[in-house]
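**Student:**
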Amino acid sequence: MKIAIVTGASSGLGVELAKRLDRETGIDIIWLVARREDRLLETAKTLTLPTRIFILDLTEPDAIRQLAASLLPDDQVVWLVNNAGMGIAGPFRDHTSDDVRLMMRLNNEVPLMLTSSLAPFLREKSRILNVASVAGFLPQPGFAVYAATKAMLISFSRALNQEMRDRGITVTTCCPNPMETEFFLPSQANGLSMSGVKRIGLESPLRVADLAVNAAKKGRDMSVSHPFAKIIRVAAKVLPASVLFWFMRRAGIH
Ligand SMILES: NC(=O)c1ccc[n+]([C@@H]2O[C@H](COP(=O)([O-])OP(=O)(O)OC[C@H]3O[C@@H](n4cnc5c(N)ncnc54)[C@H](OP(=O)(O)O)[C@@H]3O)[C@@H](O)[C@H]2O)c1
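Residue numbers (numbering that gives the first Met the number 0): 0 to 253.
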């Protein structure tokens, strides 16, 4: 069985990634992973390919083992989309240790451990798509842990892409600009808000998903779809940190 796995497929970008993969050939079934069963069922209804639903809190110690144990020896993971992620904003001093641990687990430990556990099921032309963020291009006061987890994911994914090349497996890192998803819902109580600057640079999850899957099919190591994100990526490389921090203060970015 040729399997595509999408984590965080119950809302936002994950839903669009699942829908986009549904249009691909060479996939027999899409595994949809998240905590909310009703929302995963809704996603499944929008797809034409068969689906299997995994109601899992990926930060729980046994979750990844459960996913990997569901694969049969002949199964191939043709797409692994590490999309589930979370961010809590605010000064570091206000974070509880649970806040920090959860971000590090879901944004870093989970994609790394999932990739490691599923590695025996990856074959030539398997695609790994890791969803990081524009926040990973530079340190972000007021969103420090989240930005650092995404920087780690970018660094890891790019290195892994080089390592996997000789097996014909590619790793693409998707770095979206802000998208209006549940990430920004007040009910998430994660301190995030759609400030003016973020609103100007908003991009649509549908477009992000489309371009990310296209980039992964071409074996590109990065998918940076929004012009602002492209500028930030370059600016972070060429400008001194003091200038970047000055700009961020002026723009009220976190
Ligand atoms: N929105 C933005 O502005 C933005 C910008 C750049 C990058 N990103 C990244 O894009 C990715 C998708 O985010 P989004 O914007 O689509 O946000 P979202 O709508 O909040 O979606 C997050 C997804 O992750 C799942 N998830 C969260 N905690 C989980 C857990 N413990 N176990 C399993 N699944 C979990 C959620 O499902 P359940 O709640 O059902 O578990 C949901 O499906 C994330 O990696 C995020 O960091 C977002």
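Note that CB positions come from ideal geometry on N, CA and C, so glycine has one too.
#1: Return the chain-ordered list of same chain residues with a C-beta closer than 8 Å to the C-beta of residue 36, the five sequence neighbours on each side being excluded.
#2: Using 8 Å as the threshold, is the C-beta distance between residue 74 and residue 2 below it?
#3: With 16 as the cutoff for other CB atoms within 10 Å, does residue 91 come out buried or exposed?
#4: Could you tell me the boundaries of the alpha helix (DSSP H) in which residue 106 lies?
#5: Rounded to a whole number of angstroms, what is the C-alpha to C-alpha distance between residue 86 and residue 166?
#6: Taking DSSP as the reference, what is the three-state secondary structure of residue 259?
#7: Select from 214, 248, 203 the residue whose C-alpha is nearest the C-alpha of residue 138.
#8: Identify which residue in 210, 251, 226, 246 has its Cα closest to the Cα of residue 19.
#9: If you draw a straight line from the alpha carbon of residue 241 to that of residue 30, how long is it in whole angstroms?
#10: Where residue 62 and residue 182 are concerned, what is the direct C-alpha to C-alpha distance, given to the nearest angstrom?
#11: If you draw a straight line from the C-alpha of residue 124 to the C-alpha of residue 13, how long is it?
#12: Since residue 136 is in the alpha helix (DSSP H), which residue starts that stretch and which ends it?
#13: Identify, in the order they occur along the chain, each residue of the same chain with its Cβ nearer than 7 Å to the Cβ of residue 132, setting aside the five sequence neighbours on each side.
#14: Below 8 Å on the Cβ atoms is my contact criterion, and I expect residue 105 with residue 159 to pass it. Report the Cβ-Cβ distance as a whole number of Å.
#15: Using the three-state DSSP reduction, which class does residue 129 fall into: helix, strand or coil?
#16: Report yes if the C-beta of residue 181 is less than 7 Å from at least one heavy atom of ligand 1; otherwise report no.
#17: Under the DSSP definition of a beta bridge, which residues are partnered with residue 53?
#18: Assuming residue 16 and residue 5 are in contact, meaning their beta carbons sit under 8 Å apart, how far apart are those beta carbons, in whole angstroms?
#19: Going by C-alpha distance, which of 94, 146, 88, 170 is nearest residue 110?
#20: Name the residue from 172, 0, 22, 59 whose alpha carbon lies nearest to the alpha carbon of residue 220.
#21: Below 8 Å between beta carbons: does that hold for residue 78 and residue 117?
**Tutor:** In short:
#1: Walking along the sequence shown from the start, residue 36 turns up at place 37. Spatial neighbours of residue 36 in its own chain (CB-CB distance under 8 Å, excluding positions within 5 residues in sequence) are listed in chain order as 52, 54.
#2: Counting from 1 along the sequence shown, the entry for residue 74 is found at position 75. Counting from 1 along the sequence shown, the entry for residue 2 is found at position 3. Result yes, Cβ atoms of residue 74 and residue 2 sit closer than 8 Å.
#3: For the purposes of this step, residue 91 is taken as residue 92 along the sequence shown, with counting starting at 1. Counting every other CB atom within 10 Å of its CB across the protein chains shown gives residue 91 a total below 16, marking it as exposed.
#4: Stepping through the sequence shown from its first residue, residue 106 is reached at position 107. It is not in any alpha helix (DSSP H) - residue 106 carries neither H nor E in the DSSP assignment.
#5: One-based indexing of the sequence shown puts residue 86 at position 87. One-based indexing of the sequence shown puts residue 166 at position 167. In this model, residue 86 and residue 166 are separated by some 33 Å (Cα to Cα).
#6: Coverage of the chain is limited to positions 0 through 253, which leaves residue 259 absent and any answer about it impossible.
#7: The count along the sequence shown starts at 1 and reaches residue 138 at position 139. Taking each of 214, 248, 203 in turn and checking the Cα distance to residue 138, the smallest one comes out for 248.
#8: By one-based count along the sequence shown, residue 19 stands at place 20. Residue 210 is the option with its Cα nearest to residue 19.
#9: Residue 241 sits at position 242 when you count from the first residue of the sequence shown. Residue 30 sits at position 31 when you count from the first residue of the sequence shown. Cα to Cα, residue 241 sits roughly 44 Å from residue 30.
#10: In the sequence shown, the residue the question calls residue 62 occupies position 63. In the sequence shown, the residue the question calls residue 182 occupies position 183. Distance between the alpha carbons of residue 62 and residue 182: 22 Å.
#11: For this step, residue 124 is matched to residue 125 along the sequence shown. For this step, residue 13 is matched to residue 14 along the sequence shown. If you take the alpha carbons of residue 124 and residue 13, they lie about 22 Å apart.
#12: Numbered from 1 along the sequence shown, position 137 holds the residue referred to as residue 136. No residue range can be given for residue 136, since it is assigned to no alpha helix (DSSP H) and is classified by DSSP as neither H nor E.
#13: Position 133 of the sequence shown, counted from the start, is the residue given in the question as residue 132. Closer than 7 Å at Cβ, skipping near neighbours: 149, 174, 175.
#14: Start at 1 with the first residue of the sequence shown, and residue 105 comes out as number 106. Start at 1 with the first residue of the sequence shown, and residue 159 comes out as number 160. Residue 159 and residue 105 do not touch by the CB rule: their CB atoms are close to 18 Å apart, not below 8 Å.
#15: For this step, residue 129 is matched to residue 130 along the sequence shown. Here residue 129 sits in strand by DSSP.
#16: Position 182 of the sequence shown, counting from 1, holds the residue named residue 181. Yes; taking the cut-off as 7 Å, the Cβ of residue 181 has a heavy atom of ligand 1 nearer than that.
#17: Locating residue 53 in the sequence shown gives position 54, where the first residue counts as 1. Residue 53 pairs with 32.
#18: Counted from its first residue, the sequence shown places residue 16 at position 17. Counted from its first residue, the sequence shown places residue 5 at position 6. The beta-carbon separation of residue 16 and residue 5, rounded to 5 Å, stays under the 8 Å limit for a contact.
#19: Residue 110 sits at position 111 when you count from the first residue of the sequence shown. Looking at the Cα atoms, 170 is the closest of the given residues.
#20: Locating residue 220 in the sequence shown gives position 221, counting from the first residue. Minimum Cα distance to residue 220 is reached at 172.
#21: Here residue 78 refers to the residue found at position 79 when the sequence shown is read from its first residue. Here residue 117 refers to the residue found at position 118 when the sequence shown is read from its first residue. Judged by beta-carbon spacing, residue 117 lies beyond the 8 Å limit of residue 78, meaning their Cβ atoms are not closer than that value.
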